[in-house]
Structure formats: C-alpha cells, structure tokens
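Residue numbers for the sequence shown follow UniProt numbering, beginning at 1 and rising by one. Input: a single structure, listed below in structure tokens.
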Amino acid sequence: MSHTSQHRGRPEPSVGTPAAPAEPDVLCTELVRVYATEGIEVQALQGLSLRVDRGELVAIIGASGSGKSTLLSILSGIDRPTAGRAVVAGFDLVALGRADRTRYQRSAVGFVWQQTARNLVPYLTGAQNISLVLSVAGVKRRRLRVAQLLALTGAHEQADKLPAEMSGGQQQRVAIAVALANDPRILLADEPTGELDEESTQLVLSTLRRVNEETGTTMIIVTHDADVSEHVRRTIRIRDGRIASETLRHHERAADGTPSTVAREFVVLDHVGRMQIPPESVRALGLADRVLLQTEQDRVVIRPAGELPPALPQTKDAGSDIFDGGDAR
C-alpha cells in the first residue's frame with residue numbers, strides 16, 4: 001500500500017522544457033519579533049531568514065531563549081512577526097486575515113506538540129482521535145484513511161486504546177497520525193520527544209523520518225535536544241534570535257563498503273554579511289572585542305587582535321599648523 005498523497009504528484013515536464021524551480025515550502029525573510037512588557041522590550045528574533053524546501057526534514061535547535069519557540073509560533077500562525085515576511089505553503093502569514101489563518105492551520109500545516117493533552121482528546125481512542133479531525137474536514141471514507149495513517153505511523157495497535165492506556169511514545173505516534181489526517185504540506189513538531197525516554201525517542205524520530213520519506217511531507221522539528229540532529233539531514237542552530245549555523249549530513253561508503261555518515265557544519269552569512277562565530281571557537285582562540293580579519297588567497301582568516309600597534313608619533317608637516325591655529329602659506 002502506498003501512503004504517498006496524490007495531490008503531491010507533479011506532471012512530468014515535456015521534452016525540451018526545463019522544469020521550473022520548486023517554490024520553497026517555508027521562506028522567512030528578515031523576521032523580527034519584539035515583545036514589550038511594562039516598558040521593557042525583548043527582541044526574540046533579530047532579522048532571522050530561513051528557507052526550507054519541499055520534502056525536507058529539518059531540525060531547528062537552540063537553547064532556551066534562543067528564539068526557536070518564537071519562530072515556531074510564527075510558522076504555526078499563532079503569532080505574527082513585528083517586521084519581516086513569512087510565506088509558508090503559499091500563505092503569506094503576515095497578511096492573513098482571520099478566516100484565511102484558520103484555513104491555513106486546518107489544511108496547510110499539521111502540529112505535534114510536546115504535551116499529549118494538546119495532541120489527543122483523552123476520552124477518544126486512537127482511531128477516534130484521527131476520525132474526529134477527518135469528520136470536521138468533511139472527509140468521506142474515514143475508516144480507510146484512519147487505517148492508512150495508523151499503519152503509516154506504526155500505531156495500529158493503539159487504534160482501540162485511550163491515550164491513558166498508551167505509553168508516551170505510542171501517544172506521540174498516534175499524535176503524528178492525527179497531525180497528518182488532513183494531508184498537510186508541512187508538519188511542525190514542537191519538542192516531540194521532550195517527555196520521552198531514550199527508547200521511545202528513537203521510535204518517534206524513526207516514525208517521523210519514515211513518514212517524511214514515504215509521503216514527502218515537509219517536516220520541521222523544533223527542539224533543544226542536539227541528539228535529534230542525528231536523525232535529519234539538515235540541522236539549523238538558532239542563537240540570539242538569528243540562525244548561527246547549519247549542519248548538513250549525508251551518507252558515504254568507504255573503500256571497503258562500510259557505510260558512514262558525514263556531517264559538516266557551516267556558519268551562516270546573512271544578507272548584510274554578518275555571521276556568528278561558534279562560542280567554542282571564540283573561547284579557544286580568546287576572541288574578544290576587535291579581531292583581525294584577513295583574506296589569504298581563497299580563504300578568510302580570523303585571528304585575535306593581540307596588542308594594538310603603538311601610537312604614531314606626532315609629526316608636523318606642510319599644512320599641519322592649520323590645526324595649531326597657525327597660518328598655512
């Protein structure tokens with residue numbers, strides 16, 4: 001049985017016609033979010049830009065207060081940026097009215113939250129939770145769709161169980177099925193493994209990866225757990241309200257055929273040329289205040305400034321007595 005959504009299939013381009021580049025599912029440009037309370041302003045996002053292409057599985061990680069939760073609130077349509085632009089699944093989130101915002105949240109995106117109470121109705125079984133979403137959307141043949149989603153997420157054994165009768169990992173797998181019920185283009189997961197043990201965490205992350213591979217659903221996992229990055233190809237690290245770095249992973253095989261995963265971390269350069277040097281590099285090199293930036297052939301080298309050169313001796317040359325109030329002749 002194939003679980004791939006029919007509406008995602010695209011016609012093959014005619015011979016000799018170049019395929020048009022696909023629009024990204026998420027495109028954020030210079031997002032700023034300022035919160036003001038009792039005369040104090042806190043800038044949660046400071047010109048953050050982000051692109052996520054169709055079908056990507058991305059992890060966004062960062063410490064508490066880094067801005068990742070604010071970004072998720074904007075992407076989910078719960079909050080609005082103070083400045084900047086956010087286009088998700090073709091919806092301009094800054095310009096959305098109330099009716100379109102509701103349509104966006106019901107059809108374009110699915111949500112998996114850390115707290116089970118936000119994902120599942122406690123007095124409904126796993127199958128009934130999925131069917132409820134389909135019923136609200138007016139979907140027919142709901143029984144078939146429920147069975148497909150439970151099979152896709154490996155949660156078929158939870159079909160007739162109440163949430164209280166499931167483990168944390170089982171609850172989250174059913175929650176993933178509920179989030180996929182309306183066939184959204186994007187699934188947003190907020191700390192989906194935050195309350196799980198290691199075994200359940202691995203199970204839930206494997207489920208998300210399998211769903212991504214089989215359906216092509218774009219997924220963004222927001223978390224503070226750096227271990228989640230081992231399950232995705234692209235990890236985005238947020239620091240101080242901006243994207244600081246990205247880590248890209250791919251699989252390789254050694255000469256003897258042994259498979260391995262190669263990860264490379266890249267510092268992100270924004271549109272005005274700013275970048276954040278990783279804190280571990282700052283500490284290791286003793287960087288502070290001014291640093292030396294030098295271009296050497298095909299690379300840019302950053303070094304500690306060291307001691308400043310001695311001040312230039314004051315000399316008097318032609319015309320210098322202008323600054324002493326004298327006449328220049």
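Beta carbons: idealized from backbone N, C-alpha and C, even for Gly.
{"Item": "By Cβ distance below 8 Å, which residues in the same chain neighbour residue 145 in space, the five residues on each side in sequence not counted?", "Value": "130, 134, 139, 181"}
{"Item": "Short of 8 Å in beta carbon distance, which residues of its chain neighbour residue 374, apart from the five on each side in sequence? Order them along the chain.", "Value": "The shown model of the chain, from 1 to 329, leaves out residue 374, and the question about it has no answer."}
{"Item": "Just how far apart, CA to CA, sit residue 229 and residue 59?", "Value": "6 Å"}
{"Item": "Spatial neighbours of residue 83 within its chain, please: CB distance less than 8 Å, with the 5 preceding and 5 following residues excluded, ordered by chain position.", "Value": "30, 31, 32"}
{"Item": "Should the stretch 196-211 be regarded as contacting the stretch 155-175, the criterion being three or more beta carbon pairs within less than 8 Å?", "Value": "yes"}
{"Item": "On the DSSP letters alone, give me the boundaries of the alpha helix (DSSP H) that residue 228 sits inside.", "Value": "Premise fails: residue 228 is in no alpha helix (DSSP H) and is neither H nor E."}
{"Item": "So residue 100 is in the alpha helix (DSSP H); what residue range does that whole segment cover?", "Value": "98-103"}
{"Item": "Quick check: the Cα distance between residue 5 and residue 128, rounded to an integer number of angstroms?", "Value": "With a pLDDT of 47 at residue 5, under the threshold of 50, the modelled position of that residue is not reliable, and no figure is offered here."}
{"Item": "Please identify the residue among 257, 192, 224 whose C-alpha is closest to the C-alpha of residue 239.", "Value": "224"}
{"Item": "Expressed to the nearest angstrom, what Euclidean distance is found between the alpha-carbon atoms of residue 78 and residue 47?", "Value": "19 Å"}
{"Item": "Please state the DSSP three-state secondary structure of residue 288.", "Value": "coil"}
{"Item": "Answer yes if the stretch 39-54 comes into contact with the stretch 209-220, meaning at least three C-beta pairs across the two stretches below 8 Å, and no otherwise.", "Value": "yes"}
{"Item": "Using 8 Å for Cβ pairs, my map puts residue 62 next to residue 187. What's the rounded Cβ distance?", "Value": "The pair is not a contact, with the Cβ atoms about 20 Å apart (cut-off 8 Å)."}
{"Item": "Given that a residue counts as buried once 16 or more other Cβ atoms are within 10 Å of its Cβ, and exposed if not, what is residue 158?", "Value": "buried"}
{"Item": "Give me whichever residues DSSP pairs with residue 246 in a beta bridge.", "Value": "236, 266"}
{"Item": "Helix, strand or coil for residue 207, going by three-state DSSP, please let me know.", "Value": "helix"}
{"Item": "According to DSSP, is residue 23 part of a helix, a strand, or is it coil?", "Value": "coil"}
{"Item": "From 254, 156, 69, 89, pick the residue whose C-alpha is nearest to that of residue 25; which is it?", "Value": "89"}
{"Item": "Look at the Cβ atom of residue 252, then the Cβ atom of residue 222, and state whether they are nearer than 8 Å.", "Value": "no"}
{"Item": "Count the other CB atoms within 10 Å of the CB of residue 104; is the residue buried (16 or more) or exposed (fewer)?", "Value": "buried"}
{"Item": "Grab me the residues of residue 256's own chain with a C-beta within less than 8 Å of its C-beta, minus the 5 sequence neighbours each way, in chain order.", "Value": "none"}
{"Item": "Determine whether the beta carbon atoms of residue 81 and residue 50 lie at a separation below 8 Å.", "Value": "no"}
{"Item": "Which residue from 196, 185, 155, 236 puts its Cα closest to that of residue 177?", "Value": "155"}
{"Item": "With DSSP collapsed to three states, give me the class of residue 139.", "Value": "coil"}
{"Item": "From what residue to what residue does the alpha helix (DSSP H) around residue 330 run?", "Value": "Residue 330 lies beyond the stretch modelled for the chain, which goes from 1 to 329, so this question has no answer here."}
{"Item": "Going by the CB atoms, is the gap between residue 248 and residue 264 shorter than 8 Å?", "Value": "yes"}
{"Item": "Please go through the same chain and pick out, in chain order, the residues whose beta-carbon is closer than 8 Å to the beta-carbon of residue 333, but skip the five residues on each side of it.", "Value": "This structure does not reach residue 333, given that the chain is present from 1 up to 329, and the question cannot be answered."}
{"Item": "May I ask which residues mark the beginning and end of the beta strand (DSSP E) holding residue 172?", "Value": "That residue, residue 172, is in no beta strand (DSSP E); its alpha helix (DSSP H) goes 168-179."}
{"Item": "Where residue 269 and residue 299 are concerned, what is the direct C-alpha to C-alpha distance, given to the nearest angstrom?", "Value": "15 Å"}
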